[in-house]
Structures are given as structure tokens and as C-alpha cells.
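Have a look at the structure below before the remarks.
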Amino acid sequence: MGSPVNKRILLGVTGGIAAYKSADLVRRLRDAGAEVRVIMTSSATEFITPLTLQAVSGHPVYRHLLDTDAEAGMGHIELARWADAVLVAPASANFLARLAQGRADDLLSTVCLATEAPVAVAPAMNQQMWNNPATQSNLAAIKKNAVRIFGPAEGSQACGEVGPGRMLEPVELVTLTSELFATGELDGLTVLVTAGPTWEAIDPVRGLTNRSSGKMGYAVAEAAAEAGAKVILISGPTALADPARVRTIRVTSAQEMHDAVHRHAAEANIFIGVAAVADYRPARTAERKIKKTEARLTLELERTPDILASVAALRPAPFTVGFAAETENLEQHARAKLENKKLDLVAANRVGADLGFASDDNSLLLVEREGVTELPVQPKTKLARALIRHVAARYRAKNSAPVHALRRP
Ligand SMILES: Cc1cc2nc3c(=O)[nH]c(=O)nc-3n(C[C@H](O)[C@H](O)[C@H](O)COP(=O)(O)O)c2cc1C
């Protein structure tokens, strides 16, 4: 079962009586954890005001395709890219016809054509309109184009007739929209993920750490859970809440992270080390706070255990993915890490003053023996899903290979 938490849902509202339910739908999607933006057709504005949907969504409503102000901000292509899913509810008979023909004559139909995100429609109309062969052939056409059809329900209609054509209730639409995110790519598998920084104590109040926020690792853990995996997340100190449907274990130091990982590595089919683990720690931790008495102070550092290499060296080893944050020579460093640590894949990203760590967006270069795949700049949540899709495909390919199969229970 997927989840709408942190998902970006673009709700299209078209001109039908059921548009009065759209405000409730927006509220319920937001209550379920989604971020919602609304596009209205011009007919829809005759049934419910943009002001209402602006108030409940917390964002201005998008209405016009040929609007220079809107195009300078979030224009039709940005909206299409922004969405994790597009839901049109209610979807009028007229809109279904436009979608079936691949028209791009208003903002909503254009965004539906321009998006890579899944598109779902919740038809709502008079039962004669629904049963009309023209509507049914439009439906068949849009189904063929992978558009999901939610409903409609049967029952008494606003026009006084009884039959199929009622829009599903908002609560049912929230459930169906959530299921759009359940890919099943990792069904039956266990994924172990590390995230965040580590903290290497110098004394009881000071320590060595780094700028990792944990956002990427948490997004990877969530994406793996969404793909159907049982997920264990070993997290260094972060300000983030435990992700839903993920077993989260909090640790502090590299040694603690190493030990926690090895307690769970045997049950993992896939290990993804996203944590920015300290390479060095103070050779000794002072028991009391170090006083400011000396003009100079030398800290002696020693190596921490190499978590990634130690997991990749297990027999059998899980499919092991490492992250490499580099300021330069991205592919070269990633390939060296892949070979030296005997990993299956290295996800490399460039970091710098304004890049990588605390930001919500990122890009990745996936370096494998077979080649390199680039995942362009996008929100970390989307990037994590793209990474999981890639890893799931590689895992399945590796484990269906007859000779080198490393199937784990
Ligand atoms: C009072 C009224 C109610 C309507 N209800 C519906 C409806 O429930 N479903 C539908 O498909 N069309 C309905 N229509 C017709 C659409 O509003 C009309 O086809 C419109 O062009 C749809 O435009 P849109 O698809 O761009 O939003 C209704 C029209 C009126 C006047």
C-alpha cells in the first residue's frame, strides 16, 4: 500500500456538479500528508470558486495556459514536472474527450500531456452521458494511454437519475491516489539503509561531525518502503522525524552505526549506505570537558570502521550501494570507490557550499561496472524513487542470473 506522505499531487478540477467535493478532497489529501496544487478549467470556476480551493490548498489556483505571469513562475512545464501524480476529480465527459484526443488547448489538458507522473481521473457525470458510446470509447482510449480511472460509483445523481456516474467520495479517492505510489518493485525484500551524519565525541560536549542532514537517506528509506520492501533505517543524529512504515534505529558514532548495520545485514537483500560516516574519530575521548588552558591543542585521530566495505565483504553479501559525496572528479572517485570496496553501485553527487547536504534538491550519477546513468536535478524524494527503481531492476537482474545468483532468504 502506497502513501501520499510528502507527495506532490496536482488536482485538476473540471466543470461538473461534483466540483463542490473538490475542496473536501484537497483537505483530505493534505491531512494524509500530501502537498496539493490545483488547476481549474474555466468551466470549473462556474461551480466552485478558485478562492475556496486556494484557501484549502494553501496555494494560488492555476487556471490559464496563456498567462505570461504564470509562465514566468510555475508555468505548465514546471507544474508537469512538479507533480508526483495528477488527479482530475471531478473529470467531466468533455475533459475525458479532450484527454482521449491528446488535446493541449487549456492548462489542465496540456499538463496531462506534458507530465511523466501517473495521471488518474475520477469521472462524474449524468448516467446517460457516462453510458454514451462516445464516452465509453474515450475511456477505452485513455485507459490504453495508461491513465487510471477511479470509479465512478452508482447511485442517485444530482440530476435526479439513478445509475453509474457519481464521483467516488473524497476518502475513496485519497486511498486510490495513495495506491498510485505502491510500485511493488521491492515486494518481499528487506532493505537496510544508513542515513545522516555521525558524531565522534572529543569530550562530553564536543564532537566531530559533518553537514549531512539525513534528507537523502530518509527519502531512500521511504522510497524503498513505498516499493514494497521491509526497511530498516540506521540513522545518525538528524532533526528529521522517523519515516512512516520504516523501522528506524538511532545511533550516534560510526562504530555504533557499524555495529547496528551488522546486527541486521544478514537479513538484508539490499544495503544502501547513504550516511556520511566519519572517516576518522578522536583516538581518545576525554572524560571531562577539555579546558581552555593550552595555546595549541592537538587532536589525534584514528580511522573508523569502513561500514560499506565490511558489508560488501560479507558472504553472501547483499546488493550493496554506496553514496559518494565529492567536490570534484565525480565519476573517477565514484569508480575508485566501486572497485576498492567491491560495491555493486555507487551513487555519486557533487557537494559544495550550496550543493548537496541541506538542500531539498539533488542529482546523482549512478556508477556501475556496466556503465553510468545520470539522474538529473530534482527533489530528493523523486530522486530517491528513481534510484530505488534502478536498484530494484539491477537487483532482479543480478539475482536471476544463473551463475552468480546471490539469493538471500
Ligand atoms: C449545471 C450543470 C452541471 C453540469 N454537470 C456536469 C457533470 O456533472 N459532468 C459533466 O461531465 N458535465 C457536466 N456539465 C457540462 C460541463 O460543464 C461542460 O461540458 C463543460 O464544457 C465542461 O468543461 P471542462 O471539461 O473544460 O471543465 C454540467 C453543466 C451544467 C450547466
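If you use our numbering, the sequence shown corresponds to residues 871 to 1279, in order.
Even for Gly, the Cβ is constructed at its ideal location relative to N, Cα and C.
Computed from a prediction, not measured in an experiment: that's the story for all the values here.
Contact check, residue i vs residue j, beta carbons under 9 Å
{"i": "residue 1218", "j": "residue 1055", "result": "no"}
{"i": "residue 1138", "j": "residue 1105", "result": "no"}
{"i": "residue 1103", "j": "residue 1081", "result": "no"}
{"i": "residue 1006", "j": "residue 1033", "result": "no"}
{"i": "residue 949", "j": "residue 879", "result": "no"}
{"i": "residue 1265", "j": "residue 1140", "result": "yes"}
{"i": "residue 1068", "j": "residue 986", "result": "no"}
{"i": "residue 889", "j": "residue 960", "result": "yes"}
{"i": "residue 1043", "j": "residue 963", "result": "no"}
{"i": "residue 1254", "j": "residue 1089", "result": "yes"}
{"i": "residue 1144", "j": "residue 1063", "result": "yes"}
{"i": "residue 954", "j": "residue 1020", "result": "no"}
{"i": "residue 885", "j": "residue 912", "result": "yes"}
{"i": "residue 1155", "j": "residue 1071", "result": "yes"}
{"i": "residue 1122", "j": "residue 1151", "result": "no"}
{"i": "residue 984", "j": "residue 947", "result": "yes"}
{"i": "residue 1148", "j": "residue 1079", "result": "yes"}
{"i": "residue 1059", "j": "residue 1099", "result": "yes"}
{"i": "residue 1236", "j": "residue 1213", "result": "no"}
{"i": "residue 902", "j": "residue 1048", "result": "yes"}
{"i": "residue 909", "j": "residue 978", "result": "yes"}
{"i": "residue 1258", "j": "residue 1097", "result": "yes"}
Alpha carbon of residue i to alpha carbon of residue j, nearest angstrom
{"i": "residue 1115", "j": "residue 1040", "result": "24 Å"}
{"i": "residue 1206", "j": "residue 1200", "result": "10 Å"}
{"i": "residue 1252", "j": "residue 1119", "result": "24 Å"}
{"i": "residue 1243", "j": "residue 945", "result": "28 Å"}
{"i": "residue 943", "j": "residue 935", "result": "12 Å"}
{"i": "residue 1075", "j": "residue 1085", "result": "25 Å"}
{"i": "residue 1161", "j": "residue 1073", "result": "10 Å"}
{"i": "residue 982", "j": "residue 1017", "result": "10 Å"}
{"i": "residue 966", "j": "residue 875", "result": "28 Å"}
{"i": "residue 1279", "j": "residue 898", "result": "For residue 1279, the pLDDT reaches just 38, beneath the cut-off of 50, and the residue's location in the model is therefore unreliable, although a value from the coordinates is still provided. If you take the alpha carbons of residue 1279 and residue 898, they lie about 39 Å apart."}
{"i": "residue 924", "j": "residue 931", "result": "6 Å"}
{"i": "residue 938", "j": "residue 1093", "result": "36 Å"}
{"i": "residue 1230", "j": "residue 1248", "result": "8 Å"}
{"i": "residue 1272", "j": "residue 1210", "result": "Annotation note: pLDDT 43 at residue 1272 (below 50); position unreliable, no value reported."}
{"i": "residue 1188", "j": "residue 1232", "result": "26 Å"}
{"i": "residue 1261", "j": "residue 1246", "result": "16 Å"}
{"i": "residue 917", "j": "residue 1108", "result": "46 Å"}
{"i": "residue 896", "j": "residue 922", "result": "10 Å"}
{"i": "residue 1276", "j": "residue 1186", "result": "The predicted model places residue 1276 with a pLDDT of 41, which falls under 50 and marks its position as unreliable; any figure quoted below should be read in that light. Their backbone Cα atoms lie some 6 Å apart in a straight line."}
{"i": "residue 1270", "j": "residue 1167", "result": "56 Å"}
{"i": "residue 1023", "j": "residue 1000", "result": "11 Å"}
{"i": "residue 891", "j": "residue 919", "result": "12 Å"}
{"i": "residue 1288", "j": "residue 926", "result": "No information on residue 1288 is available, as it lies outside the stretch 871 to 1279 that the chain covers here."}
Span of the alpha helix (DSSP H), counted from its first residue to its last, around residue i
{"i": "residue 1236", "result": "That residue, residue 1236, is in no alpha helix (DSSP H); its beta strand (DSSP E) goes 1231-1238."}
{"i": "residue 1201", "result": "1200-1210"}
{"i": "residue 1042", "result": "1040-1049"}
{"i": "residue 1181", "result": "1177-1182"}
{"i": "residue 1249", "result": "Not the alpha helix (DSSP H): residue 1249 falls in the beta strand (DSSP E), residues 1241-1249."}
{"i": "residue 947", "result": "946-952"}
{"i": "residue 999", "result": "997-1001"}
{"i": "residue 978", "result": "977-984"}
{"i": "residue 1171", "result": "Taken as a continuous stretch (DSSP letters only), residue 1171 belongs to no alpha helix (DSSP H), being part of the beta strand (DSSP E) at 1171-1173."}
{"i": "residue 907", "result": "Not the alpha helix (DSSP H): residue 907 falls in the beta strand (DSSP E), residues 905-910."}
Residue i - partner residues in DSSP beta bridges
{"i": "residue 855", "result": "Here the chain has residues from 871 to 1279 only, and residue 855 is not among them."}
{"i": "residue 1008", "result": "Bridge partners of residue 1008: none, in fact."}
{"i": "residue 1217", "result": "1193, 1236"}
{"i": "residue 1105", "result": "1065, 1120"}
Start and end residues, beta strand (DSSP E) containing residue i
{"i": "residue 1024", "result": "1023-1026"}
{"i": "residue 1121", "result": "Unbroken run through residue 1121: none, as it is neither H nor E."}
{"i": "residue 968", "result": "Element bounds for residue 968: not the beta strand (DSSP E) but the alpha helix (DSSP H), 963-971."}
{"i": "residue 879", "result": "878-883"}
{"i": "residue 930", "result": "First-last for residue 930: undefined, no H or E at that position."}
{"i": "residue 1081", "result": "Here residue 1081 belongs to no beta strand (DSSP E), and DSSP marks it neither H nor E."}
Rounded Cβ spacing between residue i and residue j (contact assumed at less than 8 Å)
{"i": "residue 1220", "j": "residue 1196", "result": "6 Å"}
{"i": "residue 1101", "j": "residue 1131", "result": "Not quite, the Cβ-Cβ distance comes to about 14 Å (not below 8 Å), so this is no contact."}
{"i": "residue 951", "j": "residue 929", "result": "Going by Cβ atoms, the distance from residue 951 to residue 929 rounds to 16 Å, so no, they are not a contact pair."}
{"i": "residue 994", "j": "residue 1036", "result": "7 Å"}
{"i": "residue 1113", "j": "residue 1091", "result": "5 Å"}
Any C-beta of chain D under 9 Å from that of residue i
{"i": "residue 1168", "result": "Absent from the structure is chain D; it holds one protein chain and no more."}
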